[in-house]
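Trainee: In this note's numbering, the protein residues as written are -13 to 398.
For glycine and all other residues, C-beta sits at the position ideal for the given N, C-alpha and C.
Source: prediction; values computed, not measured.
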């Protein structure tokens, strides 16, 4: 990363923290990625036995160390995820004390934690007449901006604090915004990433009614298979990844470890009248990638959105085939969602964290359960085993419900 000496305001990742269905910490995520191991399991947060879909990529071993007793009581499940990831990211970056007014916090977030409310309703209690302390906790837990606000309080950051919410594109938009603020000199450090906890009765029921979840399967660990000819639907997922971004000048001055550079991306909306189905022509997605890549060298690897949904997988594959042209058979393409599930607003934060780990380790990890391509995409380099790389530009894609498209680049 010595070339960064001449790029003072480039945004670089110096710390990574992860709470994912693979476990707590970036090492747990990396192990699952290298093994191509599905983290889909039976839902434990509530009794899902009566639902046609009873599995999800659930975080099963949340650790609350580092939280005060009050924080444990007041924070939502997602808030605890984000806090745990923050503490790991700060430790990884070897930052003991931030510079308050030059540190921003920008977090992508989606669902609030409805499980406590659902539990109370189902128990028959009057949810409008809790005691004041319970009401206060409920207000905080159901406010979408609270993870970002709490991370600012916990870290001592007093700069710009923002929450972005654009479905599965939320975290890429948050990370891109943070990188852009560093590049513009508006801050030196940014705490960024995303979090989501959509595994609730209400969300599960809504996704089932919308036809967005698998309902007939023999082995839940084999259902999600992005880009495979037998792909169909995606399970819900949850989790958080928090990244420490710094200006290259700041990172180099303190001798920080650098994973990679973040090149702020683009966002665009599809021309579609259906919230769940993609624009099968892909005009908007093609246009966005053309804009993003116009100033940069060729993409050398792809960390795809790849949700294991047939329509969306095939649209993305078609766009990548067009983008890569004659190199489509050589450029490695992966997707992490066969391992981590469809984590909604938090998904792309884990995806970017995974991408940074891949670039740092010079290895692209495999697509879980990928065996055979669709006929249209034979010859494309969707990978089944870990592949060594020399670095370069990694394209990271995300697509949110409603046709929200976002991409960014990671570079070493």
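(1) Between residue 69 and residue 137, what straight-line distance do the alpha-carbon atoms span, to the nearest angstrom?
(2) If the criterion is Cβ atoms closer than 8 Å, does the pair residue 416 and residue 270 meet it?
(3) Where residue 225 and residue 252 are concerned, what is the direct C-alpha to C-alpha distance, given to the nearest angstrom?
(4) For residue 281, tell me which candidate among 190, 296, 394 has the shortest Cα-Cα distance.
(5) Skipping 5 residues on each side, what residues in its chain have a beta carbon closer than 7 Å to that of residue 187?
(6) Given a cut-off of 8 Å, decide if residue 323 and residue 200 are closer than it, judged by their beta-carbon atoms.
(7) When the Cα atoms are used, what is the spatial distance from residue 396 to residue 108?
(8) Have a look at 147, 77, 142 and flag the residue whose alpha-carbon is nearest the alpha-carbon of residue 130.
(9) So does the stretch 154 to 172 actually touch the stretch 75 to 92, counting three or more Cβ pairs closer than 8 Å?
(10) How long is the line joining the alpha carbons of residue 285 and residue 376, rounded to whole angstroms?
(11) Under the three-state reduction of DSSP, which class applies to residue 341: helix, strand or coil?
(12) Whole-angstrom Cβ separation of residue 155 and residue 384, contact assumed at under 8 Å?
(13) Determine the closest residue to residue 96 out of 88, 198, 159, with distance taken between C-alpha atoms.
(14) By DSSP, does residue 31 sit in helix, in strand, or in coil?
(15) What distance in whole Å lies between the Cβ atoms of residue 175 and residue 85, which are believed to be in contact at a cut-off of 8 Å?
(16) If you compare alpha carbons, which of 172, 152, 65 is closest to residue 139?
(17) In chain order, what residues of the same chain have a beta carbon less than 8 Å from the beta carbon of residue -11, not counting five sequence neighbours either side?
(18) Is residue 252 helix, strand or coil by DSSP?
(19) Across which residues does DSSP place residue 99 in a beta bridge pair?
(20) Could you pull the DSSP bridge partners for residue 368 from this structure?
(21) Here's the rule: buried if 16 or more other CB atoms are within 10 angstroms of the residue's CB, otherwise exposed. What is residue 356?
(22) Applying the criterion that 16 or more other CB atoms from any shown protein chain within 10 Å of the CB defines a buried residue, is residue 348 buried or exposed?
(23) Looking at residue 344 and residue 303, is the spacing between their C-beta atoms short of 8 Å?
(24) Going by CA-CA distance only, name the one from 206, 182, 372, 144 that's closest to residue 152.
(25) Name the DSSP bridge partner or partners of residue 289?
(26) In three-state DSSP terms, what is residue 25?
(27) Where does residue 224 fall in DSSP's three states?
(28) Under DSSP, the beta strand (DSSP E) around residue 214 begins and ends at which residues?
(29) For a quick check, are the C-beta atoms of residue 298 and residue 368 less than 8 Å apart?
(30) With a floor of 3 residues, list each beta strand (DSSP E) that falls wholly inside the stretch 118 to 190, ordered by position along the chain.
(31) In its own chain, which residues sit with a C-beta less than 7 Å from the C-beta of residue 274, not counting the 5 before and 5 after it?
(32) Should residue 49 go down as buried or exposed, given a rule of 16 or more other Cβ atoms within 10 Å for buried?
(33) Would you kindly work out how many angstroms separate the C-alpha atoms of residue 193 and residue 327, rounded to a whole number?
(34) If I follow the unbroken alpha helix (DSSP H) through residue 219, where does it start and stop?
Mentor: With the given structure in hand:
(1) 6 Å
(2) This structure does not reach residue 416, given that the chain is present from -13 up to 398, and the question cannot be answered.
(3) 24 Å
(4) 394
(5) 32, 104
(6) no
(7) 46 Å
(8) 147
(9) yes
(10) 12 Å
(11) helix
(12) 5 Å
(13) 159
(14) coil
(15) 7 Å
(16) 65
(17) The predicted position of residue -11 is uncertain, since its pLDDT is 48 and thus under 50; a value taken from the coordinates is nonetheless stated next. Cβ neighbours of residue -11 beyond the five flanking positions: none.
(18) strand
(19) Paired residues: none, contrary to the question.
(20) 319
(21) buried
(22) exposed
(23) no
(24) 182
(25) 320, 382
(26) coil
(27) coil
(28) Unbroken run through residue 214: none, as it is neither H nor E.
(29) no
(30) 147 to 150, 175 to 182
(31) 252, 254, 391, 393
(32) exposed
(33) 14 Å
(34) Run containing residue 219: none; DSSP gives neither H nor E here.
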